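Everything below concerns the one structure shown next.
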Amino acid sequence: MNTETLSLFTEQISDNLNNNILPYWLNKMTDPAGGFYGRRDGYDTLHPEAEKGAILNARILWTFSAAYIVTKRQDCLDAATRAKDYILSHFIDREHGGVYWSLNADGTPADTKKQFYAIAFTIYGLAEYNRACGDKQALDEAIALFRCIEAHSRDKELGGYREAATRTWEPIEDMRLSEKDENFSKTMNTHLHILEAYTALLRVWRSEECEEAAKYILSVMTDRITDKATGHLGLFFDDSWNRADAEQSFGHDIEASWLMLEAAEVIGDGDIYPSVLALTRTIAEAALQGICTDGSMIYERHGNGSYDNEKHWWVQAEAVIGQAYLSVYHGIVSGWDGAWHTWRYICDNLVDNENGEWFWSILPDGSVNRTEDKAGFWKCPYHNGRMCMEILRLAAGTPA
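Numbering (the working numbering), first residue to last: -19 to 380.
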């Protein structure tokens, strides 16, 4: 990619972040009663009665904390503070520890199970808020949640981290993140995002216990979850690490390829980094099996060999970052060109230039998916906002 195109790329990315994504959440999702609304549907209609999910609120906290670091916009710090205050006042279980899965619209607990994925994202957001403004309470709460995961999720006998527990940390029958997931005790998705959370926490809390945990879960990702024969990640496992799926999730593969490398870079262990660098290139190249000629990335390949050709917003965002990483970290010159190609697909298909934000997906017939939310339990400013900020960082040559 030549200098002129890279400049145009970063200009468009910055514009989308500052004039499309962030204003949508500031202007359309702020709840005057506290925190943020739980849902806007695919037609941009507000549902003020919707439940408020821990994932949504933690990702809002992370996004606006990170955006303040990048832009120094006061409205971003104000939004991050609003999210932090609401999480600490309503989502944290002050009796048993951890984070409620969801709240009613009035802020009272709805689903009180302890999903370690949600706890990880809350650590992620609180650590980034501390990084943004030095707030000690946010760091203390993040450390307490880190210790909850280590105490109640880490499997000291068979390795890795379990999915979920009851409010009081007892075994729970239904461990799924969503109805789309298989009900297994260990998953790639939860491990990946605990790793992401521990990486963020390690940036602001350089302790022996956090460093040990970050190294450990990175080793689980490399040794247990990555299929080194194919470069793809397994998705679902039982307690003894028997794999329970045959799918290939291109979006998760490309996301893991850069999050794992980011973790190794932040850990800073020279004995670990070279092997992770080599493996993440293999994972990224395997993920690119899902790239189409128009620059988009398909969702996944099923175990029977068929493809899910829906073009999800988050998969496209992660594909942009992963391809840029191939150029910056792995020396593959075409990586930036691939990232630009995917970005142009996003601009032409997913960005809602009229109402703001991005649509959930483009369906296989080429139409916009309005059945799914514009903002909601799973539709957050995190994947696309983070993509914008990560591309700006990579283009500027700033360390992770």
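Using N, Cα and C, we set each Cβ at its ideal position, and we do this for glycine too. This one's a predicted model, so the numbers in the text were calculated from it and none came from an experiment.
Assign tyrosine 109 to buried or exposed, taking buried as 16 or more other Cβ atoms, counted over all protein chains shown, within 10 Å of its Cβ. Residue numbering aside, residue 109 sits at position 129 when the sequence shown is read from its first letter. By the 10 Å Cβ count, tyrosine 109 comes out buried.
With the cut-off set at 9 Å, would you say alanine 236 and leucine 172 are in Cβ contact? Position 256 of the sequence shown, counting from 1, holds the residue named residue 236. Position 192 of the sequence shown, counting from 1, holds the residue named residue 172. In this structure, leucine 172 lies closer than 9 Å to alanine 236 by Cβ.
With serine 165 and aspartate 218 assumed to form a contact (beta carbons below 8 Å), what rounded beta-carbon distance in angstroms separates them? Indexing the sequence shown from 1 puts residue 165 at position 185. Indexing the sequence shown from 1 puts residue 218 at position 238. Confirmed, about 6 Å.
Can you give me the C-alpha to C-alpha distance between methionine 168 and arginine 373, rounded to a whole angstrom? In the sequence shown, the residue the question calls residue 168 occupies position 188. In the sequence shown, the residue the question calls residue 373 occupies position 393. So the two alpha carbons sit approximately 27 Å from each other.
Any idea which residues DSSP pairs phenylalanine 16 with across the strands? For this step, residue 16 is matched to residue 36 along the sequence shown. BP columns for phenylalanine 16 point to Thr10.
For alanine 46, which option in Phe96, Gly33, Ile197 and Cys113 has the closest C-alpha, if you only look at C-alpha atoms? What you label residue 46 is simply residue 66 of the sequence shown in a count that begins at 1. For the residues Phe96, Gly33, Ile197 and Cys113, the minimum Cα distance to alanine 46 belongs to Cys113.
Assign valine 348 to one of three DSSP states: helix, strand, or coil. Numbered from its first residue, the sequence shown carries residue 348 at position 368. In the structure shown, valine 348 sits in a strand (DSSP, three-state: E or B).
Work out the CA separation of proline 254 and alanine 60 for me, nearest whole Å. To locate residue 60, count along the sequence shown from 1; it is residue 80. To locate residue 254, count along the sequence shown from 1; it is residue 274. So the alpha carbons of these two residues sit roughly 36 Å apart.
Segment contact, 8 Å Cβ cut-off, at least three pairs: the stretch 210 to 230 with the stretch 186 to 199: no
For glutamine 95, which residues in the same chain have their Cβ closer than 6 Å to its Cβ, ignoring the five residues on either side in sequence? Taking the first residue of the sequence shown as 1, we reach residue 95 at position 115. Closer than 6 Å at Cβ, skipping near neighbours: Trp81 and Ala144.
Let me know the secondary structure DSSP gives alanine 380 once reduced to three states. Within the sequence shown, numbered from 1, the residue matching residue 380 stands at position 400. Reduced to three states, the DSSP call for alanine 380 is coil.
Take isoleucine 67 and list the residues in its own chain whose beta-carbon comes closer than 6 Å to its own, dropping the five residues that flank it on each side. Residue 67 sits at position 87 when you count from the first residue of the sequence shown. Here the set comprises Asn37.
Compare the C-alpha of leucine 239 against each of Leu(-14), Gln303 and Asp55 and name the closest. By one-based count along the sequence shown, residue 239 stands at place 259. Answer by Cα proximity: Gln303.
For glycine 14 versus histidine 76, is the C-beta distance shorter than 9 Å? Sequence index remark: in the sequence shown, residue 14 carries index 34 (1-based). Sequence index remark: in the sequence shown, residue 76 carries index 96 (1-based). Against a cut-off of 9 Å, the Cβ pair of histidine 76 and glycine 14 comes out as no contact.
Taking just the CA atoms, how far does alanine 375 sit from valine 50? Taking the sequence shown and counting its residues from 1, the one referred to as residue 50 is at position 70. Taking the sequence shown and counting its residues from 1, the one referred to as residue 375 is at position 395. Roughly 13 Å separates the two Cα atoms.
For glutamine 296, is the classification buried or exposed, using 16 other Cβ atoms within 10 angstroms of its Cβ as the cut-off for buried? Counting from one through the sequence shown, the residue named residue 296 turns up at place 316. With 16 or more Cβ atoms within 10 Å of its Cβ, glutamine 296 is classed as buried.
Is leucine 259 helix, strand or coil when you go by DSSP? Counted from its first residue, the sequence shown places residue 259 at position 279. Three-state result, leucine 259: helix.
Enumerate, from N- to C-terminal direction, the unbroken beta strand (DSSP E) stretches of 3 or more residues contained entirely within the stretch 17 to 97. 89 to 91
Contact check, cysteine 382 vs arginine 39 under 8 Å by CB: the rounded distance? Residue 382 is absent from the model: the chain starts at -19 and stops at 380.
Inspect the beta-carbon positions of glutamate 31 and aspartate 73 and report whether they are closer than 9 Å. Working through the sequence shown from its first residue, we reach residue 31 at position 51. Working through the sequence shown from its first residue, we reach residue 73 at position 93. No, the Cβ-Cβ distance between glutamate 31 and aspartate 73 is not below 9 Å.
Hey, out of Thr273, Asp225, Glu245 and Leu330, whose CA is closest to arginine 281's CA? As a working mapping, residue 281 is identified with position 301 in the sequence shown. Checked all of Thr273, Asp225, Glu245 and Leu330; the closest Cα to arginine 281 is Asp225.
Closest to valine 246 by C-alpha separation, out of Val200, Arg183 and Asp332, would be which residue? On the sequence shown, residue 246 is found 266 positions in, with the first residue counted as 1. The shortest C-alpha separation from valine 246 is found at Arg183.
Restricting to Cα atoms, I'd like to know which of Glu290, Arg261, Phe230 and Glu298 is closest to glutamine 269. The residue given as residue 269 occupies position 289 in the sequence shown. Closest option to glutamine 269, Cα to Cα, is Phe230.
For alanine 319, count neighbouring Cβ atoms within 10 angstroms of its own Cβ and tell me buried if that reaches 16, exposed if not. Along the sequence shown, read from residue 1 onward, the residue named residue 319 stands at position 339. Burial call: buried.
For threonine 148, which residues from the same chain have a beta carbon less than 6 Å from its beta carbon, with the 5 sequence-adjacent residues on both sides left out? Walking along the sequence shown from the start, residue 148 turns up at place 168. Cβ within range, chain order: His76.
Report the option in Glu159, Lys136 and Ala131 whose CA atom is closest to the CA atom of glutamate 150. Mapped onto the sequence shown, residue 150 falls at position 170. Residue Ala131 is the option with its Cα nearest to glutamate 150.
Are there 16 or more other CB atoms within 10 angstroms of the CB of glycine 283, so buried, or fewer, so exposed? On the sequence shown, residue 283 is found 303 positions in, with the first residue counted as 1. Flag for glycine 283 reads exposed.
Terminal residues of the continuous alpha helix (DSSP H) containing glycine 302? Indexing the sequence shown from 1 puts residue 302 at position 322. Glycine 302 -> alpha helix (DSSP H) spans 293 to 308.
Give me the Cα-Cα distance between threonine -15 and aspartate 345, rounded to the nearest whole angstrom. Residue mapping note: residue -15 aligns to position 5 of the sequence shown, counting from 1. Residue mapping note: residue 345 aligns to position 365 of the sequence shown, counting from 1. Rounded to the nearest angstrom, the two C-alpha atoms are 31 Å apart.
Cut-off 6 Å between Cβ atoms - residues of its own chain near glycine 105, not counting five sequence neighbours on either side: Residue numbering aside, residue 105 sits at position 125 when the sequence shown is read from its first letter. Same-chain partners within the cutoff: Ala38, Leu41 and Trp42.
Same chain, Cβ closer than 6 Å to tryptophan 338, five either side skipped, listed in chain order: Walking along the sequence shown from the start, residue 338 turns up at place 358. Cβ neighbours of tryptophan 338 beyond the five flanking positions: Trp293, Leu330, Val331 and Asn364.
Three-state secondary structure (DSSP) at valine 313? In the sequence shown, residue 313 corresponds to position 333, counting from 1. The answer is coil: DSSP assigns valine 313 none of H, G, I, E or B.
Cα-Cα separation between glycine 382 and lysine 291, rounded to whole angstroms: The structure shown does not extend to residue 382, since the chain is modelled only from -19 to 380, so the question has no answer here.
Going by beta-carbon coordinates alone, are alanine 63 and phenylalanine 126 separated by less than 9 Å? Locating residue 63 in the sequence shown gives position 83, where the first residue counts as 1. Locating residue 126 in the sequence shown gives position 146, where the first residue counts as 1. In this structure, phenylalanine 126 does not lie closer than 9 Å to alanine 63 by Cβ.
Whose C-alpha, out of His232, Met155 and Ile123, is nearest the C-alpha of serine 187? As a first step, residue 187 must be located in the sequence shown, where it is residue number 207. Per the Cα distances, Ile123.
In angstroms with no decimal places, state the Cα-to-Cα distance between isoleucine 271 and threonine 206. Position 291 of the sequence shown, counting from 1, holds the residue named residue 271. Position 226 of the sequence shown, counting from 1, holds the residue named residue 206. Each residue's Cα considered, the two are about 20 Å apart.
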